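Chains as they are written, first to last, in our numbering: chain C, 9 to 108; chain P, 9 to 108.
Glycine is no exception: its CB is placed at the ideal position from the N, C-alpha and C atoms.
Note that the coordinates shown come from a computational prediction; the quantities given were computed from them, not determined experimentally.
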C-alpha cells in the first residue's frame, strides 16, 4: 500500500512502532487498523535519497492491508491491455468495517 | 525508487516497455536512463485499489536506479534514531553523469 505521512504521523509511527498515516481524504491522522483492527507493526524504516519517501516494512495484521479485504492494494496486474486480478479477497470488507 | 508519471509517460512506458516518468523538477518527460544509460526494462505493471499508484517491476540497467550510484534509492535504514547507510555505491555519480 501507499499512503501519506506528515510530521505528526511519522513521529507517532516511530514512537509507537505502529504505522500511522495522514489521511488526505479525511484530513486527519490515520492510525492504520483503527477501524479494521488490521494494524501494521513496523519492522524496518527506510528513507530515499532525497528524503521525501519512506518505506515501512511491516508485520501486517490479519494479512490484510487493503480496504478491499486483500493482502495488498496492488492486486491487479496488466496483461495484454487488461487489468487482471491476481490476489484473492481474504475477508469481505463488509465484515471488516462496521460503520453505523 | 519512486517517481511521478502523467498520462503521456505511462503511455510511453507501456508502448516501449521501458520506464518513462514525469520529472516535476524539470517539468518534462523523463526517460529513465536517458543520461545515465541505466534504463529500466519493464517486466510487470501493477496498479493499486484506487488506481492512482503503479508499481513497475523492472530489470534495472547497470543495477543502478539511484542518482547516487546505488541500486536503490532506499539505502538508509533507521536504527536507534539514526539513518544508517546499508547499500554501497556501485559507481561514482561523476562517472555516471557527464554534464557539460
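- Using a Cβ-Cβ cut-off of 6 Å (strictly less than) and excluding sequence neighbours within five positions of residue 14 of chain P, which residues of its own chain qualify? Indexing the second chain from 1 puts residue 14 of chain P at position 6. Hits under 6 Å: 30.
- Query: Between residue 87 of chain C and residue 88 of chain P, what straight-line distance do the alpha-carbon atoms span, to the nearest angstrom?
  - Reply: Start at 1 with the first residue of the first chain, and residue 87 of chain C comes out as number 79. Start at 1 with the first residue of the second chain, and residue 88 of chain P comes out as number 80. Those two C-alpha atoms are separated by around 43 Å.
- Task: Starting from the C-beta of residue 84 of chain P, find all residues in its chain whose C-beta is less than 8 Å away, skip the five residues before and the five after it, and write them out in chain order.
- Result: Your numbering for residue 84 of chain P matches position 76 in the second chain. Within the same chain, residue 84 of chain P has close Cβ partners 91, 92, 93, 94.
- If we cut at 8 Å on Cβ distances, does residue 56 of chain P have a partner in chain C? Sequence index remark: in the second chain, residue 56 of chain P carries index 48 (1-based). So yes, residue 56 of chain P belongs to the interface.
- Sort out for me which residues DSSP pairs residue 99 of chain C with in a bridge. To locate residue 99 of chain C, count along the first chain from 1; it is residue 91. Looking at the DSSP assignment, residue 99 of chain C forms no beta bridge with any residue, so it has no partner.
- Message: Whole angstroms are fine: how far does the CA of residue 99 of chain C sit from the CA of residue 42 of chain P?
- Response: Position 34 of the second chain, counted from the start, is the residue given in the question as residue 42 of chain P. Position 91 of the first chain, counted from the start, is the residue given in the question as residue 99 of chain C. In this model, residue 42 of chain P and residue 99 of chain C are separated by some 44 Å (Cα to Cα).
- Message: Within 8 Å, do at least three Cβ pairs link the region 63-80 of chain P to the region 33-47 of chain P?
- Response: yes
- Message: With a threshold of 8 Å between beta carbons, is residue 63 of chain P in contact with chain C?
- Response: Numbered from 1 along the second chain, position 55 holds the residue referred to as residue 63 of chain P. It does: the Cβ of residue 63 of chain P has a partner Cβ on chain C nearer than 8 Å.
- Query: Using the beta-carbon of each residue, which ones in chain P are nearer than 9 Å to residue 110 of chain C?
  - Reply: Residue 110 of chain C lies beyond the stretch modelled for chain C, which goes from 9 to 108, so this question has no answer here.
- Query: Does any CB atom of chain P fall closer than 8 Å to the CB of residue 90 of chain C?
  - Reply: Along the first chain, read from residue 1 onward, the residue named residue 90 of chain C stands at position 82. It does not; no Cβ of chain P falls within 8 Å.
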